[in-house]
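K.L.:
2 protein chains.
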Amino acid sequence: MTNKKEITAGIIIIGNEVLSGRTKDINTSTLAKWLNSLGIEVKEARVIPDLESIIIETVNNLRKKFDYIFTTGGIGPTHDDITAKSISKAFKKKYMYNKEAYEILLKYYGKKEFNDSRKKMAKMPEDAKLIYNPSSAAPGFMIKNIICLPGVPLILQSMLHNLKKYLKKGSKIFSLSISTQTVESKIANNLEKIQNKYKKIVEIGSYPFFRLGKIGVSVVLRSEKKSKLQSCHKEIIKMLTKKKLRILKGI
Amino acid sequence: MTNKKEITAGIIIIGNEVLSGRTKDINTSTLAKWLNSLGIEVKEARVIPDLESIIIETVNNLRKKFDYIFTTGGIGPTHDDITAKSISKAFKKKYMYNKEAYEILLKYYGKKEFNDSRKKMAKMPEDAKLIYNPSSAAPGFMIKNIICLPGVPLILQSMLHNLKKYLKKGSKIFSLSISTQTVESKIANNLEKIQNKYKKIVEIGSYPFFRLGKIGVSVVLRSEKKSKLQSCHKEIIKMLTKKKLRILKGI
């Protein structure tokens, strides 16, 4: 989609547990949906290991390509949590205690329980802005166009609200979808004709599915132009009806 | 982990539906687990859009870094299925009908129903090797170190068996895990000491969780050396027991 006000984002999932297949990443989907609702388009997502050199290289590569980069994971108290330190190095910033974060954590744990591992969660690049964490106190942070969030999905989700104020909003992208009981190869030719007609205005995606014992195709339309989206949607429904294909509701 | 016989892989998930957040990717996890069982380590995964220039750039970049690259998505019959054509361009190979794939599809659909969209699924880079598809006939393919698979998880899963023979196997990586009812910051310091002792032999990851109303930490150990893995595992259990932390079973 061409858009003068396009605002873009990249996502970096930091975690060996995703690369080993042990954990299924759901943060990409959470972030992408939320960013979409703000008119920010996710252009790429990467999963990388907990390795300092790779975190630095990936961050430095992607931060030039997109307006915002979101990282998830690696900001906890254990030895494998190396995101904050690596990001400091990527920006050649001092890795140091953030005074406010330190106070928040001290208050949360109490002086007696505030051990070194917990203190570590207050360390981040100099001049980072805090992203408050209503679930478990330890804040995320933003430095330039990089936003660092935790890997635990429920905690990440609870922090999005506090992050909103730091982001520029883009044009809203509207979306409509149609599910039909057919196979892709029966409608591919007609869909292509409709896509060509709406080139660069409506993006049409086609996704086969097997669900609840049914075989079908979901056709997903996305556009910044609501009226064009609606007329494209109508043309697809007309095409499917002409082919006597059943349109599925509630899928 | 250092390993002379290390065999590495990268995964490229091709699909706007994952970047928009509409679809949660599960193919990374499926592939990673399966590759792990063959001793092949996944070093990076990327999600990229259905855009020819980006597919070409990503494939050409990653294929030099890892032994194998797996792509998923974009090999179906619709206009947004552009993986086979893009991979042909990345390798400067002719994008053409594969005779065997054409025969398989012709037999599957029958002459009358074998329309242009379906024929498209027989097109791939010249000299590609087929990966048979027991679910829906349309084969995947392998060209040099790139393996192209479909995006629909159930179809992808059904094809892995037919792909195994093309891959070199690496050293098996053993894994053990311990779940305990605590928070990371209570054990971080001790875990770090154990990790330092087993540096480059056992990789220790620490993952907080909230599950079934319980807060806990999963400690995951991975190593090629079974005996070292077991002794490291014992040390962690001893440390947790000393701290009077409850070890959770069956999580």
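Chains as they are written, first to last, in this note's numbering: chain E, 3 to 253; chain D, 3 to 253.
Every residue, glycine too, gets a C-beta built ideally from N, C-alpha and C.
Nothing here was measured: the structure is a model prediction, and the numbers come from that model.
#1: Going along chain E, which residues have a C-beta under 9 Å from residue 154 of chain D?
#2: Measure from the alpha carbon of residue 245 of chain E to the alpha carbon of each residue in E:206, E:185 and E:54, then state which is nearest.
#3: Go to residue 61 of chain D, then tell me how far its alpha helix (DSSP H) extends in each direction, as first and last residue.
#4: Could you say which of D:49, D:43 and D:44 lies nearest to residue 45 of chain E if we only look at CA atoms?
#5: Is any beta-carbon of chain E found at less than 8 Å from that of residue 197 of chain D?
#6: Spell out the partners DSSP gives residue 46 of chain D in its beta bridges.
#7: Once DSSP output is grouped into helix, strand and coil, what is the label at residue 137 of chain E?
#8: Measure the alpha-carbon distance for residue 90 of chain E versus residue 128 of chain E and round it to whole angstroms.
#9: Residue 98 of chain D bridges to which residues according to DSSP?
#10: Can you round the beta-carbon distance between residue 76 of chain E and residue 153 of chain E to whole angstroms, since I take them to be within the 8 Å contact cut?
#11: Just the chain D side, please: which residues come within less than 8 Å of residue 204 of chain E by C-beta, in chain order?
#12: Secondary structure at residue 5 of chain E, three-state DSSP: helix, strand or coil?
#13: Under the three-state reduction of DSSP, which class applies to residue 185 of chain D: helix, strand or coil?
#14: What does a CB cutoff of less than 7 Å around residue 238 of chain E pick up in its chain, not counting 5 residues either side in sequence?
#15: Given that residue 141 of chain D touches chain E, what residues does it touch there, using C-beta distances under 9 Å?
#16: Applying the 10 Å Cβ sphere with the 16-neighbour rule, what's the burial state of residue 187 of chain E?
#17: Of all the CB atoms in chain D, is at least one closer than 8 Å to the CB of residue 49 of chain E?
#18: Which residues in chain E have a C-beta closer than 7 Å to the C-beta of residue 35 of chain D? List them in chain order.
#19: Using only alpha-carbon positions, find the residue among E:165, E:68 and E:17 that is nearest to residue 56 of chain E.
#20: When you compare only the Cα positions, how much space is there between residue 134 of chain D and residue 199 of chain E?
#21: Check distances from the C-beta atoms of the region 37-66 of chain E to those of chain D and list, in chain order, the residues that come in under 9 Å.
#22: Report the residue from D:189, D:126 and D:213 whose alpha carbon sits nearest the alpha carbon of residue 207 of chain D.
#23: Whose Cβ in chain E lies nearer than 7 Å to the Cβ of residue 31 of chain D?
#24: Suppose contacts are defined by Cβ-Cβ distances below 8 Å. Is residue 144 of chain D in contact with residue 124 of chain D by that definition?
#25: Answer with buried or exposed for residue 4 of chain E, where buried requires no fewer than 16 other C-beta atoms within 10 angstroms of its C-beta.
#26: Between residue 92 of chain E and chain D, is the shortest Cβ-Cβ distance under 8 Å, so that the two count as touching?
#27: Residues of the region 115-127 of chain D in Cβ contact with chain E at a cutoff of 8 Å, in chain order, please.
#28: Which residues in the same chain have their Cβ closer than 8 Å to the Cβ of residue 235 of chain D, if we skip the five residues on either side of it in sequence?
#29: Pick out whichever of E:31, E:69 and E:47 has its Cα sitting closest to the Cα of residue 168 of chain E.
#30: Under a Cβ-count criterion, where at least 16 other Cβ atoms within 10 Å of its own Cβ denotes burial, should residue 229 of chain E be classed as buried or exposed?
#31: For a quick check, are the C-beta atoms of residue 249 of chain D and residue 227 of chain D less than 8 Å apart?
#32: Between residue 226 of chain E and chain D, is any beta-carbon pair separated by less than 8 Å?
#33: Return the chain-ordered ranges of every beta strand (DSSP E) run that is complete within the region 197-226 of chain E and spans a minimum of 3 residues.
P.N.:
So, to answer that:
#1: Walking along the second sequence from the start, residue 154 of chain D turns up at place 152. In chain order: 209, 210, 211 and 212.
#2: Walking along the first sequence from the start, residue 245 of chain E turns up at place 243. It is E:185.
#3: In the second sequence, counting from the first residue as 1, residue 61 of chain D sits at position 59. Per DSSP, residue 61 of chain D belongs to the alpha helix (DSSP H) from 54-64.
#4: Residue 45 of chain E sits at position 43 when you count from the first residue of the first sequence. It is D:49.
#5: Residue 197 of chain D sits at position 195 when you count from the first residue of the second sequence. Cβ-Cβ to chain E under 8 Å: yes for residue 197 of chain D.
#6: Taking the second sequence and counting its residues from 1, one reaches residue 46 of chain D at position 44. Residue 46 of chain D pairs with D:12.
#7: Numbered from 1 along the first sequence, position 135 holds the residue referred to as residue 137 of chain E. It is coil, neither helix nor strand.
#8: For the purposes of this step, residue 90 of chain E is taken as residue 88 along the first sequence, with counting starting at 1. For the purposes of this step, residue 128 of chain E is taken as residue 126 along the first sequence, with counting starting at 1. Cα to Cα, the separation comes out at about 8 Å.
#9: Position 96 of the second sequence, counting from 1, holds the residue named residue 98 of chain D. DSSP, once it has assigned bridges, lists D:126 as partnering residue 98 of chain D.
#10: Counted from its first residue, the first sequence places residue 76 of chain E at position 74. Counted from its first residue, the first sequence places residue 153 of chain E at position 151. Separation of the CB atoms of residue 76 of chain E and residue 153 of chain E is rounded to 7 Å, and the pair is thereby assigned contact status at 8 Å.
#11: Locating residue 204 of chain E in the first sequence gives position 202, counting from the first residue. Within chain D, not a single residue places a beta-carbon under 8 Å from that of residue 204 of chain E; the smallest gap is close to 12 Å.
#12: Numbered from 1 along the first sequence, position 3 holds the residue referred to as residue 5 of chain E. Note that residue 5 of chain E scores a pLDDT of 49, beneath 50, so its modelled location is shaky; the value from the coordinates is reported in the next line. It is coil, neither helix nor strand.
#13: Residue numbering aside, residue 185 of chain D sits at position 183 when the second sequence is read from its first letter. The answer is coil: DSSP assigns residue 185 of chain D none of H, G, I, E or B.
#14: Locating residue 238 of chain E in the first sequence gives position 236, where the first residue counts as 1. Closer than 7 Å at the Cβ level, and outside the excluded window around residue 238 of chain E, lie 180, 196 and 221.
#15: Translated into positions along the second sequence, residue 141 of chain D becomes position 139. Residues of chain E with a Cβ closer than 9 Å to the Cβ of residue 141 of chain D do not exist, since the nearest Cβ in that chain sits about 15 Å away.
#16: Position 185 of the first sequence, counted from the first residue, corresponds to residue 187 of chain E. So residue 187 of chain E counts as buried.
#17: Looking up residue 49 of chain E in the first sequence gives position 47. So yes, residue 49 of chain E belongs to the interface.
#18: The residue labelled residue 35 of chain D in the question sits at position 33 within the second sequence. Here the neighbours are 23.
#19: Within the first sequence, the letter at position 54 stands for residue 56 of chain E. Checking every option, the nearest Cα to that of residue 56 of chain E belongs to E:17.
#20: Translated into positions along the second sequence, residue 134 of chain D becomes position 132. Translated into positions along the first sequence, residue 199 of chain E becomes position 197. Each residue's alpha carbon lies about 35 Å from the other.
#21: 37, 38, 43, 44, 45, 46, 47, 48, 49, 50, 51, 52, 56 and 60
#22: For the purposes of this step, residue 207 of chain D is taken as residue 205 along the second sequence, with counting starting at 1. Minimum Cα distance to residue 207 of chain D is reached at D:189.
#23: By one-based count along the second sequence, residue 31 of chain D stands at place 29. Simply 23 and 26.
#24: The count along the second sequence starts at 1 and reaches residue 144 of chain D at position 142. The count along the second sequence starts at 1 and reaches residue 124 of chain D at position 122. No; because the gap between Cβ atoms is not below 8 Å, this pair is not in contact.
#25: Position 2 of the first sequence, counted from the start, is the residue given in the question as residue 4 of chain E. Only weak support exists for where residue 4 of chain E lies, its pLDDT of 46 falling under 50; the coordinates are left without a value.
#26: By one-based count along the first sequence, residue 92 of chain E stands at place 90. Against chain D, the CB of residue 92 of chain E has no partner CB under 8 Å away; the residue lies outside that interface.
#27: 117, 118, 119, 120, 122 and 123
#28: Here the question's residue 235 of chain D lines up with position 233 in the second sequence. 178, 180 and 223.
#29: Counted from its first residue, the first sequence places residue 168 of chain E at position 166. Considering only alpha carbons, the answer is E:69.
#30: Reading the first sequence from its first residue, position 227 is the one you call residue 229 of chain E. Exposed, because fewer than 16 other Cβ atoms sit within 10 Å of the Cβ of residue 229 of chain E.
#31: Position 247 of the second sequence, counting from 1, holds the residue named residue 249 of chain D. Position 225 of the second sequence, counting from 1, holds the residue named residue 227 of chain D. In this structure, residue 227 of chain D does not lie closer than 8 Å to residue 249 of chain D by Cβ.
#32: In the first sequence, the residue the question calls residue 226 of chain E occupies position 224. It does not; no Cβ of chain D falls within 8 Å.
#33: 205-213 and 216-225
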